[in-house]
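Have a look at the structure below before the remarks.
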Amino acid sequence: MAKITILLFLTVYLTLQLTTAYPQRNGVATEEPNFIKSLEPVVLTTLDVVDKYFETLITQTAHFVEDVLVELKALPEKNDYIRELIPQLTGLLECLGQANKSNRASIISEIGKLYEDFDNILKANDDSNKTKVLKSVLKTLHLLELNWSIENSVSSAVRKFTEAYEPFWNSLSDEQKREHKRLSDWYDEFKAGKTSQDKLKGFEEFLRIALDVAGKDSS
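Mapping of the sequence shown onto our numbering: position 26 corresponds to residue 26, and the numbering continues sequentially without gaps.
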């Protein structure tokens with residue numbers, strides 16, 4: 001996956017970690033009740049869309065790894081590389097089936113490495129005996145289609161976030177926007193993102209800003 005990088009996966013993980021960090025509101029009086037009240041639905045939407053993206057990533061990857069294993073196990077002859085790869089993929093598949101909030105970091109890291117390795121094999125001009133068979137399997141299973149499916153989920157996450165954020169931002173007065181310069185600067189950078197993945201990476205920073213605002217508000 002040329003564009004689905006380990007950095008993106010780890011960014012998504014860090015964003016998910018912020019789910020439990022965002023404080024629950026209990027009707028506490030605030031200096032900016034309208035601002036905080038308006039911001040919270042955007043935060044909850046962000047957490048929800050990233051969580052759904054993670055679930056899509058897990059599901060799609062599990063199906064793909066399962067299909068790769070079927071093809072590799074059916075090979076009449078297996079070189080050392082394939083024999084080593086089969087138990088590795090089997091172990092990853094088991095981990096994917098047991099994915100939960102406590103082991104997301106390791107799983108996302110493993111998925112990122114897997115796709116990076118497979119993408120490098122597909123793009124390599126050198127068809128060595130070591131990877132030639134796997135390259136053929138990956139082409140058969142249409143890795144690029146999987147790439148498209150996951151990228152489509154990224155676009156969906158960004159679209160849903162934007163639909164929640166734009167009304168919030170447009171509802172603020174010019175004075176509020178000036179008072180929250182960090183959020184204003186972040187939004188400018190977010191809109192300047194050239195791809196959905198660039199924008200998805202911005203979710204983590206948005207949540208950190210929201211946490212800071214909520215923390216100052218509750219202190």
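C-beta atoms are modelled at their ideal positions from N, C-alpha and C, and glycine is treated no differently.
Quiz item: Got a sec, what are the start and stop residues for the alpha helix (DSSP H) residue 129 sits in?
Solution: Start and end: 129-140.
Quiz item: residue 109 lies in the alpha helix (DSSP H); which residues open and close that run?
Solution: It spans 104-123 - the alpha helix (DSSP H) in which residue 109 sits, taken as one unbroken run.
Quiz item: Count the other CB atoms within 10 Å of the CB of residue 123; is the residue buried (16 or more) or exposed (fewer)?
Solution: With fewer than 16 other CB atoms across the displayed protein chains lying within 10 angstroms of its CB, residue 123 is exposed.
Quiz item: Could you give the distance in angstroms between the alpha-carbon of residue 79 and the alpha-carbon of residue 195?
Solution: Approximately 40 Å between the Cα atoms of the pair.
Quiz item: Around the C-beta of residue 201, are 16 or more other C-beta atoms found within 10 angstroms, so that it is buried, or is it exposed?
Solution: It is buried - the Cβ of residue 201 has at least 16 other Cβ atoms within 10 Å.
Quiz item: Straight-line CA distance for residue 169 to residue 71?
Solution: Residue 169 and residue 71 have their C-alpha atoms some 50 Å from each other.
Practice problem: Under 7 Å Cβ to Cβ from residue 158, same chain only, skipping five residues before and after it: list those, please. | Solution: Counting only Cβ-Cβ distances below 7 Å, and skipping sequence neighbours, we find 196, 199, 200.
Quiz item: With C-beta atoms as the reference, is residue 164 less than 8 Å away from residue 45?
Solution: Going by C-beta atoms, residue 164 is nearer than 8 Å to residue 45.
Quiz item: The alpha helix (DSSP H) spanning residue 184 covers which residue range?
Solution: For residue 184, the uninterrupted alpha helix (DSSP H) segment begins and ends at 181-192.
Quiz item: So what's residue 77 in DSSP terms, helix, strand or just coil?
Solution: Here residue 77 sits in coil by DSSP.
Practice problem: Look at the alpha carbon of residue 98 and the alpha carbon of residue 186, and state the distance between them as a whole number of angstroms. | Solution: The alpha-carbon atoms of residue 98 and residue 186 are separated by roughly 35 Å.
Exercise. Indicate the three-state DSSP secondary structure (helix, strand or coil) for residue 28 in the structure shown.
Key: With a pLDDT of only 39 at residue 28, under the threshold of 50, the placement of this residue in the model should not be trusted, and no figure is reported.
Quiz item: Going by the beta-carbon positions, is the gap between residue 114 and residue 60 smaller than 8 Å?
Solution: At a Cβ-Cβ threshold of 8 Å, residue 114 and residue 60 do not count as neighbours.
Quiz item: Is it buried or exposed for residue 142, if we count other Cβ within 10 angstroms and need 16 for buried?
Solution: Around the beta-carbon of residue 142, fewer than 16 other beta-carbon atoms lie within 10 Å, marking it exposed.
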